[in-house]
Amino acid sequence: MAEKLQLEVVTPYKRVLSEEVDEITAPGLIGEFGILPGHTPMLTTLKIGEFSYRQGDETFHLAVNWGYVEVEEDKVTVLVETAEPADEIDIERARAALGRAEEALKGLPSEDKNFRTMEAALERAMIRIQVAGRRAR
Amino acid sequence: MPSLKDIKKRITSVKNTRQITKAMKMVSAAKLRRAQDAVTAARPYAEKMQEVLSSLALREDPGAHPLLEPRERGRALVVLLTADRGLCGGFNGNISKAAERFIHSNAEGYGAYDLMIIGKKGNDLLRRRSLNIARVYENITVSINYGTASLLGQEVVKLFLEGKYDGVFLIYNGFLSAMTQDITVKQLLPVLPRGMEEGTQVTEYLYEPSREEVLKKVLPKHVEVQIFRGLLESSASEHGARMTAMDSASKNASEMIGKLTLQYNRARQAAITKELMEIISGAESIK
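Going line by line, the protein sequences match chains A and S.
Each residue of the first sequence is one higher than the last, beginning at 1 in our numbering.
Each residue of the second sequence is one higher than the last, beginning at 138 in our numbering.
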């Protein structure tokens, strides 16, 4: 059994990272889960959330959008629409997006088809702010 | 024989043309580099997607999801990716002809074909043909983002699920190098679980929440990713084709300038000789 996991995060625009890590925590569709070396092969969908991985004593965080994770023999491939490392997040922009989404949601009935879109935007903004907050630690 | 002034004018005009083609070449080269980076960046995602999908679909029987199920081959939709701008050699012509050939040869055995054209030039070339053009999207190739591809994918999937079309194909210029494009025809729907290379190990996965759920999410995504990749490849090919076309245009212009300059100098020398003769014979007659 390998001691490390080979993590790859890929978006349609670029390969965000490709590193050896010790532990991964990802936001699954039915709840957050962790992956350690020696995990059984798995395929699962992700939702908007906070994705983190640990290298030694250091933990890194990413804000991810919809996607999925494939685990195969200590190789973890993450395919997501967007993935932003904590230090690349523009917190001001995220705050502005949060404000906009909140504003829009107030005026919309929950049946409106835009409601879902705005809700997703709200979620994304909140996750971004949350992830950006980790950077200081 | 054209006068000195006429030749001079031609030279100036050809020089101006060369300047423009040179500038266009430079611009295309810069854009090509960016487009090429985008394609290379998108490939791992698209390939990984295909891999995952293949291993999913291989173990699933075709009835598991409507997007996998082959139907009676009635009407098919052909999504054709062309450029919005010309001056790129045979780029638009070749792909349009390939689409026409694809429809007329009917190798897939569908009853009828409709076209969905992305890019103004494809529409310009094909609208006078006896083809059924269902939809045209212009100016979306100017700046390609995943959102556009995603919208196109959703539309295609919707048309397929509504039963308007029984098959969807994607035709685009695959990017090989700046000089060569490779016309690619891909079947988008129903999704074919192929693309697995011989000897690839099919891993038994643990699916979360369930195989059906994962499949339901992955299939429409797959269509979007394929379209996104097609758009990127097509755009890189377009810039490559334009760069090559403009390069040879600049070369031709330089050649023409050389010839014209030669002609100009000859004419100038002839004029000088003529003048000298006149002066000499004039002086001679005074004696």
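Even glycine gets a Cβ: it sits at the ideal position worked out from N, Cα and C.
If you follow the beta strand (DSSP E) that residue i is part of, which residue opens it and which one closes it?
{"i": "A:S52", "result": "G49 to Q55"}
{"i": "A:T25", "result": "E23 to G28"}
{"i": "A:T45", "result": "M42 to L46"}
{"i": "A:L5", "result": "L5 to V10"}
{"i": "A:E72", "result": "G67 to E72"}
{"i": "A:L79", "result": "K75 to V80"}
{"i": "S:Y302", "result": "Segment: none, S:Y302 is in no beta strand (DSSP E) and carries neither H nor E."}
{"i": "S:Y344", "result": "L343 to E345"}
Is there at least one Cβ from chain S nearer than 7 Å to residue i's Cβ?
{"i": "A:V16", "result": "no"}
{"i": "A:E50", "result": "no"}
{"i": "A:P141", "result": "Only positions 1 to 137 of chain A appear in this structure, which leaves residue 141 of chain A out of reach."}
{"i": "A:P41", "result": "yes"}
{"i": "A:I35", "result": "no"}
{"i": "A:E111", "result": "no"}
{"i": "A:I30", "result": "yes"}
{"i": "A:E19", "result": "no"}
{"i": "A:E70", "result": "yes"}
{"i": "A:T117", "result": "no"}
{"i": "A:T25", "result": "no"}
{"i": "A:L108", "result": "no"}
{"i": "A:V9", "result": "no"}
{"i": "A:L79", "result": "yes"}
{"i": "A:T45", "result": "yes"}
{"i": "A:L5", "result": "no"}
Counting along the chain, where does the alpha helix (DSSP H) carrying residue i start and finish?
{"i": "S:L397", "result": "R348 to I423"}
{"i": "S:S233", "result": "F228 to S242"}
{"i": "A:G99", "result": "I91 to K106"}
{"i": "A:A125", "result": "K113 to R134"}
{"i": "A:A86", "result": "Element bounds for A:A86: n/a, residue is neither H nor E."}
{"i": "S:K295", "result": "Y283 to L298"}
Step through the CB atoms of chain A and report whether any lies within less than 7 Å of the CB of residue i.
{"i": "S:Y283", "result": "yes"}
{"i": "S:Y182", "result": "yes"}
{"i": "S:F365", "result": "yes"}
{"i": "S:K185", "result": "yes"}
{"i": "S:G336", "result": "Residue placement at S:G336 is flagged as unreliable, the pLDDT there being 46, under the threshold of 50; the coordinate-derived value follows with that caveat. No, S:G336 lies away from the interface with chain A (no Cβ there is under 7 Å from its Cβ)."}
{"i": "S:P346", "result": "yes"}
{"i": "S:L343", "result": "yes"}
{"i": "S:V351", "result": "yes"}
{"i": "S:K323", "result": "no"}
{"i": "S:K354", "result": "yes"}
{"i": "S:V189", "result": "yes"}
Is there a C-beta anywhere in chain D that falls below 7 Å from the one on residue i?
{"i": "S:A178", "result": "No chain D appears in this structure, whose protein chains are A and S."}
According to DSSP, is residue i part of a helix, a strand, or is it coil?
{"i": "S:A249", "result": "strand"}
{"i": "S:M316", "result": "coil"}
{"i": "S:G272", "result": "In the sequence as presented, Gly is not what sits at residue 272 of chain S; that position holds Arg. DSSP places S:R272 in strand when its eight states are reduced to three."}
{"i": "A:T59", "result": "strand"}
{"i": "S:S267", "result": "coil"}
{"i": "A:I34", "result": "Before going on, a small fix: residue 34 of chain A reads as Gly here, not Ile. If DSSP states are grouped into helix, strand and coil, A:G34 belongs with the strands."}
{"i": "S:R222", "result": "coil"}
{"i": "S:I100", "result": "Because chain S is modelled from 138 through 424, residue 100 of chain S falls outside the range shown and cannot be assessed."}
{"i": "S:G259", "result": "helix"}
{"i": "S:L325", "result": "strand"}
{"i": "A:S18", "result": "strand"}
{"i": "S:Q156", "result": "helix"}
{"i": "A:Y13", "result": "coil"}
Is residue i near the ligand PLP, going by C-beta to nearest heavy atom under 6 Å?
{"i": "S:I308", "result": "In the structure shown, the ligand PLP is absent, as is every other ligand, since no ligand is present at all."}
Cβ contact (3+ pairs, closer than 8 Å) linking the stretch 409-418 of chain S and the stretch 244-258 of chain S: With fewer than three CB-CB distances shorter than 8 Å, the stretch 409-418 of chain S does not count as touching the stretch 244-258 of chain S.
3 or more residues per run - each beta strand (DSSP E) lying fully within the stretch 159-210 of chain S: Runs of the beta strand (DSSP E) inside the stretch 159-210 of chain S: none found.
Stretch-stretch touch, CB-based, cutoff 8 Å, three pairs: the stretch 284-298 of chain S with the stretch 220-229 of chain S: These segments do not touch.
Sufficient close CB pairs (3 or more, under 8 Å) joining the stretch 74-86 of chain A to the stretch 140-157 of chain S: They do not touch, by the three-pair rule.
Meets three-Cβ-pair contact criterion under 8 Å: the stretch 160-175 of chain S and the stretch 261-269 of chain S: The way I'd put it, the stretch 160-175 of chain S doesn't touch the stretch 261-269 of chain S; fewer than three beta-carbon pairs between them come closer than 8 Å.
Cβ contact (3+ pairs, closer than 8 Å) linking the stretch 68-77 of chain A and the stretch 43-58 of chain A: The stretch 68-77 of chain A, when compared against the stretch 43-58 of chain A, does touch it at the 8 Å Cβ threshold.
contact_flag[the stretch 351-361 of chain S, the stretch 114-126 of chain A] where n(CB pairs < 8 Å) is 3 or more: Judged by Cβ distances under 8 Å, the stretch 351-361 of chain S makes no contact with the stretch 114-126 of chain A, as fewer than three pairs qualify.
Contact between the stretch 390-409 of chain S and the stretch 316-327 of chain S (3+ Cβ pairs under 8 Å): They do not touch, by the three-pair rule.
The stretch 298-309 of chain S in contact with the stretch 366-376 of chain S per 3-pair CB rule at 8 Å: Yes, they touch.
At least 3 beta-carbon pairs within less than 8 Å: the stretch 49-68 of chain A vs the stretch 10-26 of chain A: Between the stretch 49-68 of chain A and the stretch 10-26 of chain A there are three or more C-beta pairs closer than 8 Å, enough to call the two in contact.
The stretch 369-379 of chain S in contact with the stretch 93-107 of chain A per 3-pair CB rule at 8 Å: Contact fails between the stretch 369-379 of chain S and the stretch 93-107 of chain A, because fewer than three Cβ pairs, one in each stretch, are under 8 Å apart.
Stretch pair the stretch 11-22 of chain A + the stretch 89-104 of chain A: three plus CB contacts closer than 8 Å: In short, these stretches do not touch, since the Cβ pair count stays below three.
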